[in-house]
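Here is the structure we will look at.
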Amino acid sequence: FPTQVGIYPNGLPAFGGENGANPAIMSSNQSGSVNRKDTDLRGKFSFDLNLDKVTEGLSVKGFAGIRKMNNDEKSWYTPWT
493 FPTQVGIYPN
503 GLPAFGGENG
513 ANPAIMSSNQ
523 SGSVNRKDTD
533 LRGKFSFDLN
543 LDKVTEGLSV
553 KGFAGIRKMN
563 NDEKSWYTPW
573 T
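Heads up: take any position in the sequence shown, counting from 1, add 492, and you land on my numbering.
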């Protein structure tokens with residue numbers, strides 16, 4: 493709202509309105525930080541086996557897939573209210 497201030501003249505943050513979310517504080521590093529690292533490894537293995545020695549025209553095709561995901565998150569929240 494245009495009548496609400498984000499920072500009081502004395503430098504303290506004002507009430508941010510709904511849920512106390514003050515945009516002036518949220519857009520700075522004063523409210524804390526979240527560091528997140530994601531890793532995603534994907535692999536696909538396929539094979540084609542010809543079995544003509546067993547039966548004429550017989551073959552086997554297949555594949556296997558693997559996926560490994562990992563995430564690491566560190567959060568630091570500084571109370572500002």
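Each residue gets a CB set at the ideal place from its N, CA and C atoms; glycine is no exception.
Can you check DSSP and say which residues form a bridge with residue i?
{"i": "L504", "result": "Answer is none; L504 lacks a bridge partner."}
{"i": "E565", "result": "R528"}
{"i": "G535", "result": "I558"}
{"i": "I499", "result": "P505"}
Considering only C-alpha positions, which residue in the set the options is nearest to residue i?
{"i": "K529", "options": "N542, N562 and K553", "result": "N562"}
{"i": "S567", "options": "S519, G524, D532 and N502", "result": "G524"}
{"i": "G554", "options": "E548, D540 and T547", "result": "D540"}
For residue i and residue j, which I take to be in contact (beta-carbon distance under 8 Å), what is that distance rounded to the nearest angstrom?
{"i": "A513", "j": "P505", "result": "The Cβ separation is near 11 Å, so there is no contact."}
Touch test, the stretch 524-541 against the stretch 553-569, Cβ-Cβ under 8 Å, three pairs minimum: yes
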